[in-house]
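Notes follow once the structure below has been shown.
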Amino acid sequence: MEVKSRAPGKIILTGEHAVVHGSTAVASSIDLYTYVSLHFSTPSDNEDSLKLKLQETALEFSWPITRIRAAFPESTAQLSSTPNSCSVENAKAIAALVEELNIPEAKLGLASGVSAFLWLYSSIQGFKPATVVVTSELPLGSGLGSSASFCVALAAALLAYTDSVSLDLKHQGWLSFGEKDLELVNKWAFEGEKIIHGKPSGIDNTVSAYGNIISFKSGNLTHMKSSVPLKMLITNTKVGRNTKALVAGVGERMLRHPDIMAFVFSAVDSISNELTSILKSPTPDELSVTEKEEKIEELMEMNQGTVVDKVVAELESCGFQCFIAGIGGGGVEISFGVSS
Ligand SMILES: Nc1ncnc2c1ncn2[C@@H]1O[C@H](COP(=O)(O)OP(=O)(O)OP(=O)(O)O)[C@@H](O)[C@H]1O
Ligand SMILES: C[C@@](O)(CCO)CC(=O)[O-]
Ligand SMILES: [Mg+2]
Numbered sequence: 001m002e003v004k005s006r007a008p009g010k011i012i013l014t015g016e017h018a019v020v021h022g023s024t025a026v027a028s029s030i031d032l033y034t035y036v037s038l039h040f041s042t043p044s045d046n047e048d049s050l051k052l053k054l055q056e057t058a059l060e061f062s063w064p065i066t067r068i069r070a071a072f073p074e075s076t077a078q079l080s081s082t083p084n085s086c087s088v089e090n091a092k093a094i095a096a097l098v099e100e101l102n103i104p105e106a107k108l109g110l111a112s113g114v115s116a117f118l119w120l121y122s123s124i125q126g127f128k129p130a131t132v133v134v135t136s137e138l139p140l141g142s143g144l145g146s147s148a149s150f151c152v153a154l155a156a157a158l159l160a161y162t163d164s165v166s167l168d169l170k171h172q173g174w175l176s177f178g179e180k181d182l183e184l185v186n187k188w189a190f191e192g193e194k195i196i197h198g199k200p201s202g203i204d205n206t207v208s209a210y211g212n213i214i215s216f217k218s219g220n221l222t223h224m225k226s227s228v229p230l231k232m233l234i235t236n237t238k239v240g241r242n243t244k245a246l247v248a249g250v251g252e253r254m255l256r257h258p259d260i261m262a263f264v265f266s267a268v269d270s271i272s273n274e275l276t277s278i279l280k281s282p283t284p285d286e287l288s289v290t291e292k293e294e295k296i297e298e299l300m301e302m303n304q305g306t307v308v309d310k311v312v313a314e315l316e317s318c319g320f321q322c323f324i325a326g327i328g329g330g331g332v333e334i335s336f337g338v339s340s
């Protein structure tokens, strides 16, 4: 039995960080994906281990199922329909499993991703032997939501064959989840994100799961669909960063300067709300404004077409990496019976 999933990365247009503290943020999916392929071993495979292959980093991990089963102090065999947070005891068990892997120092950032994998896998699938292969078009740790798309794609693949979701297993090609199933995928992904990020707002996994452009505040989302195909120039400065540390830093500043930060977050909230209302009502009432917008849009499209190429060439000549990404595309999808 095999299933493949893919989940998009994201870009936050307004409200990054402030969204963790309750401000509204606006985010869009981008058409760069993390792919997960899950292959359950059959008795004829004579395989009794869980394997995780991280293609980008050329790392492969393998755990005998007996080792995983023995590691967990509390049973992780829960109902896949009920997303649960990783308890302190289970987190310790996972940390021990990850430590045994001796991940090279330069790739230690992956430990949190492997931990999230172990939690999602053991919670949703229990102790079944399988091989999971992860590939990603997203740079890791660069603000494009690689951790969320990793968790969403994982949750989608892991849930696909469970009774907790209802999918047409005979469907050919990419298939979207229904509303309730998507909600479940998103909730499990959020549990994975908590392991990677510490205190995520949930916006990254939500936009990765649902796709399109969303306005998000304290777990509530409003969908927006752009009527025109938008492209965004994204530059990877290749300056290392860790979202968990950045989020913690903002939290500490909030504790040091609560009054000031309350104003900052309120201002960000207003910015996001204004952007939301503009995006939600793209056609202004006055004809003259509509005409103006059409003209500006056409001019901008033409302008970007040439300027973007020059900017990309210049940035890349400085050693930066650029991605041209379509934004606002669909969310997580699933595909059955794909051979690896
Ligand atoms: N394809 C992947 N394979 C393995 N681990 C991954 C993968 N993608 C993300 N991760 C995990 O997520 C971590 C990066 O998450 P982090 O939240 O710091 O950055 P990001 O999600 O790319 O950016 P942001 O959250 O700011 O949008 C990696 O260090 C790794 O632990
Ligand atoms: C920095 C942050 O706002 C977005 C991370 O991509 C954190 C979060 O919302 O969880
Ligand atoms: Mg992240």
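Note that UniProt numbering gives residue 334 to position 334 of the sequence shown, counting from 1, and the numbers run on in steps of one.
Even for Gly, the Cβ is constructed at its ideal location relative to N, Cα and C.
message: I need the boundaries of the beta strand (DSSP E) containing Ser-5, first residue and last residue.
response: 2 to 14
- prompt: When DSSP labels each residue in this structure, what does Cys-322 get in the three-state scheme?
  reply: strand
- prompt: Are the beta-carbon atoms of Ala-153 and Ala-7 separated by less than 8 Å?
  reply: yes
message: At the level of alpha carbons, what is the spacing between Val-88 and Gln-125?
response: 20 Å
- prompt: What do you reckon, is the C-beta of Pro-200 under 7 Å from a heavy atom of ligand 4?
  reply: For the structure depicted, ligand 4 is absent and the ligand set comprises only ligand 1, ligand 2 and ligand 3.
Extent of the continuous alpha helix (DSSP H) run through Ile-103: Where Ile-103 is concerned, there is no enclosing alpha helix (DSSP H), given that its DSSP letter is neither H nor E.
field: Close Cβ partners of Ala-116 (< 7 Å) along its chain, the five nearest in sequence each way excluded
entry: Cys-151, Gly-192, Ile-195, Ile-196
For Phe-216, the residue or residues it bridges with in DSSP: Ala-25, Leu-221
Sequence-distant residues of its chain with Cβ nearer than 6 Å to Ala-18 (five each side left out): Phe-265, Val-268
- prompt: When a residue counts only if its C-beta is closer than 5 Å to some heavy atom of ligand 3, which residues count, in chain order?
  reply: Ser-147, Thr-243
message: For Pro-73 and Ala-93, what's the separation of their Cα atoms in angstroms?
response: 7 Å
task: Inspect the beta-carbon positions of Leu-54 and Val-3 and report whether they are closer than 8 Å.
output: no
field: C-beta atoms of Gly-22 and Ser-215 nearer than 8 Å
entry: no
task: Could you please give me the residues that DSSP links to Tyr-33 through a beta bridge?
output: Pro-8
query: Would the beta-carbon of Val-19 be found less than 7 Å away from any heavy atom of ligand 2?
result: yes
task: Return yes when at least one heavy atom of ligand 1 lies under 7 Å from the C-beta of Thr-34, else no.
output: yes
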